[in-house]
Amino acid sequence: MEDFEVIEKIREYFEENYELLRLEGGHAVTEDIKQLALTQVLYYFQKMKDVANKVTDTEVKLTLPNKTTPKGRNFTIEGIVDIVRDDDETWMYDIKTHDLEYVQSNKEHYEKQLNVYAHIWQELRGQALDKTAIISTAYPEGLKQAHLLNDQFRIQYELSKWNPMVDLEFDQLKVQDVIDDFAETVDCIEDKKFKPAPTEKLREKMEGTNALFGTRVCRNCDARFSCSSYREYATSKGKGERGNFKKYFDDFGSDTDKEDWVNANLQARNPDNL
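Be aware that the sequence shown starts at 1, since it is given in UniProt numbering, and climbs by one per residue.
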């Protein structure tokens with residue numbers, strides 16, 4: 001299939017998926033935002049088409065069953081990856097929406113996960129593996145700004161220096177440590193021993209990115225509007241997400257209305273008041 005044919009298919013699938021999401025969620029975006037999202041997909045294809053053309057297995061499910069926590073609970077680790085077999089080599093990719101700078105600055109976080117996946121592939125499936133990597137799909141800020149300015153020279157420059165793929169090291173010796181971390185986390189969740197990060201943590205800039213923890217991490221948490229730390233962070237003086245949330249919260253109604261709304265959401269998220 002020629003590139004122009006692939007691009008037409010991408011446009012077609014993009015429209016179908018957008019309509020499906022709009023109907024399911026009841027939300028729509030402006031035409032500008034929609035086109036920006038489509039452009040991101042097309043740029044991503046332009047950068048990764050060589051890898052995409054070599055993918056032999058997509059959304060491969062990897063399972064590590066029959067693990068036991070320190071308190072005797074059984075659990076299973078599962079993951080989804082893409083596999084590329086090229087000549088005599090086999091590569092494993094995990095696709096993330098995280099921004100490239102963050103992935104590059106925090107490789108050890110991703111190596112832990114990929115180490116377990118590689119262990120499953122090599123030890124349990126008995127298949128050789130030559131390379132593991134993260135593919136970051138996030139839109140580079142420089143490329144985004146160049147596109148908004150319609151600066152074709154800068155667009156080509158930003159595209160040329162953008163490499164969405166981050167190679168990771170595989171260390172068999174670290175696999176058991178990661179499995180043990182999973183096991184302890186399972187016990188904490190089952191025992192309801194978890195709490196939000198302190199508000200000070202939400203205001204810290206994360207390594208490898210200009211974003212704060214409260215923006216980079218908390219905005220992806222479905223429970224953030226019922227979280228005491230996030231409420232304090234979001235309603236404090238500031239711009240952007242915090243300021244927007246504060247404006248919404250201030251317009252909500254009386255203090256009693258706000259208190260009822262907060263308590264109702266806390267109760268919905270935490271019916272046992274834990």
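Here a beta-carbon is modelled for each residue, glycine too, at the ideal position from N, C-alpha and C.
Under the DSSP assignment, alanine 133 falls in the beta strand (DSSP E) whose first and last residues are 131-136. Rounded to the nearest whole angstrom, the CA to CA distance from glutamine 122 to threonine 76 is 18 angstroms. A contact between stretches requires three or more CB pairs, one per stretch, nearer than 8 angstroms, and the segment 83-93 fails this requirement with the segment 147-164. Per the Cβ contact rule, the segment 103-111 is not in contact with the segment 54-70 (fewer than 3 Cβ pairs under 8 angstroms). Boundaries of the alpha helix (DSSP H) harbouring aspartate 3: 3-25, taken from the DSSP string.
For leucine 159, the enclosing alpha helix (DSSP H) begins and ends at 152-161. Less than 8 angstroms divides the Cβ of glutamate 190 from the Cβ of arginine 73.
As computed with DSSP, phenylalanine 194 is found in no beta bridge at all. By the neighbour-count criterion, in which a residue is buried when 16 or more other Cβ atoms sit within 10 angstroms of its Cβ, cysteine 221 is exposed. Every alpha helix (DSSP H) of 4 residues or more that sits fully in the segment 79-119 is shown, in chain order, as 100-105, 107-119. Pairing leucine 38 with phenylalanine 14 gives a Cβ-Cβ distance under 8 angstroms. Here aspartate 171 is exposed, its C-beta having fewer than 16 other C-beta atoms within 10 Å. When DSSP states are grouped into helix, strand and coil, leucine 149 belongs to the coil group. Residue nearest to valine 51 within the set Lys192, Ala133, Gln176 is Ala133 (criterion: CA-CA distance).
The beta carbon of lysine 112 sits closer than 6 angstroms to those of Val178, all from its chain and outside the five residues before and after it, given in chain order. The C-beta distance from proline 164 to tyrosine 44 rounds to 7 angstroms, short enough to meet the 8 angstroms contact threshold.
The alpha-carbon separation between aspartate 32 and tyrosine 233 amounts to approximately 30 angstroms. DSSP places methionine 206 outside both helix and strand once states are collapsed to three, so it counts as coil. Rounded to whole angstroms, the gap between the alpha carbons of valine 186 and proline 198 is 22 angstroms. For asparagine 74, DSSP records a beta bridge to Thr68. In this structure, valine 103 lies away from isoleucine 83, with their beta-carbon atoms at least 8 angstroms apart. Between glutamine 40 and tyrosine 139, the beta carbon gap of about 5 angstroms places them in contact (Cβ cut-off 8 angstroms). It is roughly 43 angstroms from the alpha-carbon of lysine 9 to the alpha-carbon of arginine 231. 8 angstroms or more divides the Cβ of phenylalanine 194 from the Cβ of leucine 202. Within the model, the alpha-carbon separation for threonine 235 versus aspartate 130 is close to 49 angstroms. When DSSP states are grouped into helix, strand and coil, valine 217 belongs to the coil group. Here serine 136 is buried. Its C-beta has 16 or more other C-beta atoms within 10 Å.
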